[in-house]
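Encoded as structure tokens, the structure appears first; notes follow it.
Number of protein chains: 2
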Amino acid sequence: MGSKERIQRLKDENRTNILDAALQIVKEEGWQALSMRKIADIIEYTAPMIYEYFANKDAILTELANQGYLLLAKKVKQAKSTETDLEKQLEAMWFSYWDFAFEERELYQLMFGIGTACCGFEKTYKCAESHGKLISDVIREIMKEKNPSEELICRKYFTYWSIIHGLISINLVNQGNGDNTNQEVLKDAIYGITRSLTD
Amino acid sequence: MGSKERIQRLKDENRTNILDAALQIVKEEGWQALSMRKIADIIEYTAPMIYEYFANKDAILTELANQGYLLLAKKVKQAKSTETDLEKQLEAMWFSYWDFAFEERELYQLMFGIGTACCGFEKTYKCAESHGKLISDVIREIMKEKNPSEELICRKYFTYWSIIHGLISINLVNQGNGDNTNQEVLKDAIYGITRSLTD
DNA sequence: GTAAATAATTTAACAGTGTTAAGCAAAAGT
DNA sequence: ACTTTTGCTTAACACTGTTAAATTATTTAC
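So the protein lines, in turn, are chains A and B. If you read the first sequence in our numbering, its first letter stands for residue -8, the second for the next number, and so on. If you read the second sequence in our numbering, its first letter stands for residue -8, the second for the next number, and so on.
As structure tokens, this is what we get:
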């Protein structure tokens, strides 16, 4: 019965094909154009087939968002490894966060945008191996001489995130007016908050 | 022909009824529940009637957004009038912005949220009598001894807005976890940027 | 190898969406 | 009184997510 594994492999393939197709549609035509029948078209099945793999459309969305969280965490982790100085690590991590938002703007909108059911902060801050955890670990390390409470670290992370997420949101809606202005604002903001960690 | 005015008055009434109905539905059931037929139900007409007043659903949305901009500008202007000191004016204005976002959260989502077609920054910053203009006027006044360029003022306004909009976005999605933490972050952020105006 | 059972996939349908065209009844103009 | 315009509705189209039934293909049992 080695065919069982072959069948399972095909099923897995279909599952990822569905997710890939969904992302492809969104990248080409935007979130509002995503429909079950369009996904079905691409994977060369009919729409009801998708329900063998996902409970409903929302389940596809949350799965895509989860893929996004994984990818983001990976990139942030990678950015950390490029620096040794803690403050530089933090800067690199936030910059990679920034880059992710624009490289994978559709995913970012899904993960943190207003509209779909996905939350953002709670999930991202508490889950181990998330970018939130990775970044706040560095914040803790930088502040360690001040013996910060977990609540304070959380607040600092929150402050960072607010301004960066705000900047990103604004840039995502009026797509990229004045790139270097943003980069300057971003750098200023990161530097400002980082200074407040040790002062 | 005094009836012409009566008819016009009825038409205007219908128009505002449509907008009111739309906002009512959104407040009760959220944006995704808004439909032309539901609006028609409330105003006791059939759906196609709405197209006599608005080109399409999107036109209703942008009109609502414009109402939002007007209301926001009014509130910000009012906040300014409660203080005489420039820096306090600025703080009060941003606080009223913050309050608006939560008092009229549906409108705020429409005006600045990701998803619908409305942009935010350009429109708000350039239009006279908008909250953006009002706030950046105060920024200019505070910075006047430094002879700031328009570009610098714009960037400062942008910085304020980013962090405040970021904070709001995050609070709108995970609705209000820890109110006073946010207020503290907000106050810190505003103070920090304000200090950077005169330093 | 053929028949029964099971799995895989599709067709048809439901209730909803935005939107447009055709039809009808009442009012207005001549 | 007849025609034209206006206000409004019904019917329809092309979509949407989703479910149930029907069909086809594949596996299992004998």
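Every residue, glycine too, gets a C-beta built ideally from N, C-alpha and C. Since the model is a prediction, treat every value here as computed from it, not as a measurement.
8 Å Cβ cutoff, residue i in contact with chain A
i	result
Thr189 (chain B)	no
Ala180 (chain B)	yes
Leu55 (chain B)	no
Arg28 (chain B)	no
Gly(-7) (chain B)	Confidence is the limiting factor: at Gly(-7) (chain B) the pLDDT is only 47, short of 50, which leaves the residue's position unreliable and the question unanswerable from this model.
Ser127 (chain B)	no
Ile154 (chain B)	yes
Thr185 (chain B)	no
Leu10 (chain B)	no
Minimum Cβ-Cβ distance from residue i to chain B less than 8 Å
i	result
Ala38 (chain A)	no
Arg146 (chain A)	yes
Ile105 (chain A)	Caution is warranted here: a pLDDT of 49 is assigned to Ile105 (chain A), below 50, making its placement in the model unreliable, and no coordinate value can be reported.
Leu277 (chain A)	Because chain A spans -8 through 190 in this model, residue 277 (chain A) falls outside it and cannot be assessed.
Leu158 (chain A)	yes
Gly59 (chain A)	no
Ser87 (chain A)	no
Of the residues the options, the one placed nearest residue i, counting alpha carbons only
i	options	result
Leu163 (chain B)	B:Phe93, B:Ile184, B:Lys137	B:Phe93
Ile154 (chain B)	B:Ser140, B:Ile144, B:Glu142, B:Asn173	B:Asn173
Glu142 (chain B)	A:Thr75, A:Gly123, A:Glu175	A:Glu175
Asp32 (chain A)	A:Ala13, A:Glu19, A:Asp3, A:Lys65	A:Ala13
Gly21 (chain A)	A:Tyr151, A:Arg96, A:Thr189, A:Thr150	A:Arg96
Thr189 (chain B)	B:Ile144, B:Met102, B:Glu74	B:Ile144
Phe262 (chain B)	B:Thr75, B:Asn138, B:Lys71	Nothing can be reported for residue 262 (chain B): it is not among the residues displayed for chain B, which extend from -8 to 190.
Gln69 (chain A)	A:Asp3, A:Asn47, A:Glu120	A:Glu120
Pro139 (chain A)	A:Trp152, A:Met102, A:Ser187	A:Ser187
Thr104 (chain A)	A:Thr53, A:Lys137, A:Tyr148	Position check: residue 104 (chain A) holds Gly in this sequence, whereas Thr was assumed. It is A:Thr53.
Tyr88 (chain B)	B:Trp152, B:Thr185, B:Asp3	B:Trp152
Phe91 (chain A)	A:Ile30, A:Lys65, A:Asn47	A:Lys65
Asp101 (chain A)	A:Thr75, A:Asn8, A:Gln23	At residue 101 (chain A) the sequence reads Leu, which differs from the Asp that was named. With distances taken between Cα atoms, Leu101 (chain A) lies closest to A:Gln23.
Thr7 (chain B)	B:Glu(-4), B:Ile30, B:Glu19	B:Ile30
Beta-carbon neighbours of residue i, restricted to chain B and to distances below 7 Å
i	result
Phe149 (chain A)	Val176
Short Cβ contact (8 Å threshold) for residue i with residue j
i	j	result
Val67 (chain A)	Ile159 (chain A)	no
Ile34 (chain A)	Asn5 (chain A)	yes
Leu10 (chain B)	Val17 (chain B)	no
Gly157 (chain A)	Gly157 (chain B)	yes
Leu77 (chain A)	Val129 (chain A)	yes
Leu98 (chain A)	Leu55 (chain A)	yes
Thr150 (chain A)	Ala50 (chain B)	no
Chain-ordered chain A contacts of residue i [CB-CB under 7 Å]
i	result
His122 (chain B)	Correct list: empty, because the minimum Cβ distance to chain A is about 15 Å.
Proximal residues of chain B, C-beta to C-beta of residue i below 8 Å
i	result
Ile130 (chain A)	Those within 8 Å of Ile130 (chain A) in chain B number zero; the least Cβ separation is about 14 Å.
Within chain A, partners of residue i - CB distance below 9 Å
i	result
Ser140 (chain B)	Ordered by position in chain A, no residue passes the 9 Å Cβ test against Ser140 (chain B), which lies about 12 Å from the chain.
Ile133 (chain B)	Residues of chain A passing the Cβ test: none, with the nearest at roughly 17 Å.
heavy atom of the ligand HEM below 7 Å from residue i C-beta
i	result
Leu77 (chain B)	The ligand HEM is not part of the structure shown, which contains no ligands of any sort.
key: Meets three-Cβ-pair contact criterion under 8 Å: the stretch 128 to 147 of chain B and the stretch 72 to 84 of chain B   = yes
Contact the stretch 28 to 47 of chain B vs the stretch 60 to 77 of chain B: 3+ CB pairs below 8 Å = no
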